[in-house]
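These notes concern the structure reproduced below.
Numbering (my numbering), first residue to last: 7 to 349.
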């Protein structure tokens, strides 16, 4: 009897075990499992998306800052070859109108920094031959010197309207150059509007000067014989993604008048600053400007100068962020020595 009873229990146990193994999950268990998996996957996906977005933002910011630093280094290297830097572009220079009246300034652009530098001729091939007429005095002069003064102007424009079809940043900086010669092989032919700052200018044979360019001579007045023209297609763009020039920034670095000898903008007389801001009005541009050292009273007009340049980028356009980057700065000392007195 006992053996039959045990056999009966074993059969029942095996029968129930087979039924349970064939039954699987119920519908409710399956739905709960799917919901739990969906929550876990959505959390993981959200984490991954946030991680990728953060990485993209950091890359855009670092890339924009790198572009600003490269542009700042380029401008500083350009300035180190300068022989005269203007500390005023948008205001009159005594009896002479503002410099911006004598250089091409397209609509919407603002001239920020202007200076003269000496460039080797021919411009595109400095070591190339100059095949001019040797019987002309101008030919002999250019063959011997192989250099000429060029006016360099950096301008800024806020990107808006049709600009945004090509330029995605807040604003951009362009570099304009007014050179003396259109063709070194014909040295008597100059670019329209060019006035030599140190030599006699045809047809009046009057001289100008760096600070009063293009005025000078007797009778006094502008010596320009034409209107300077922008290159075909406009001046080349140096950098995009510069911050909005009219943005209001708190604690904006400036050209401080201070008696602190450790300050980079030290002035023994705060009422007579040795550094002047260009543009003079901070409302014109807070993202690209400079502090230009003015020659001390009684110094030669081409005395040594140094410039502190400020530049701020903004990655908006690369990413959805609208926060400007930190304003970076550098200092450049004009090292040109032609017709200069060491200070």
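Built from N, CA and C at the ideal position, the CB exists for glycine as well.
Being a predicted model, the structure only gives us computed values, none of them experimental.
Item, Value
"Contact belief for residue 204 with residue 319 at Cβ below 8 angstroms, rounded distance in angstroms", "Rounded, the Cβ-Cβ distance is 37 angstroms, inconsistent with contact."
"Bounding residues of the alpha helix (DSSP H) (the contiguous stretch that carries residue 81)", "33-85"
"Collapsed DSSP secondary structure at residue 99 in the structure displayed", "strand"
"Touch test, the segment 158-177 against the segment 109-119, Cβ-Cβ under 8 angstroms, three pairs minimum", "yes"
"Buried/exposed call for residue 133, threshold 16 Cβ in 10 Å", "exposed"
"Beta-carbon separation (whole angstroms), residue 244 vs residue 102, contact threshold 8 angstroms", "Contact flag wrong, Cβ pair sits at about 28 angstroms."
"First and last residue of the uninterrupted beta strand (DSSP E) at residue 125", "115-126"
"Between the CA atoms of residue 299 and residue 341 - distance to the nearest angstrom", "14 angstroms"
"Among 71, 285, 228 and 39, the one whose alpha carbon lies nearest that of residue 329", "71"
"Distance between residue 241 and residue 136 (C-alpha atoms, nearest Å)", "26 angstroms"
"Helix, strand or coil at residue 169 according to DSSP, with G and I counted as helix", "helix"
"Strand pairing of residue 152, partner residues [DSSP]", "None, per the DSSP bridge assignment."
"DSSP-derived helix/strand/coil call for residue 108", "helix"
"Residue 324, DSSP secondary structure in three states", "coil"
"Outcome for residue 52 when other beta-carbon atoms lying within 10 angstroms are tallied against a minimum of 16", "exposed"
"C-alpha gap between residue 206 and residue 215, whole angstroms", "10 angstroms"
"Outcome for residue 41 when other beta-carbon atoms lying within 10 angstroms are tallied against a minimum of 16", "exposed"
"Residue 176 versus 127, 293 and 232, residue with shortest Cα-Cα distance", "293"
"Close beta carbons around residue 235, own chain, < 7 angstroms, minus the five adjacent residues each side", "110 and 198"
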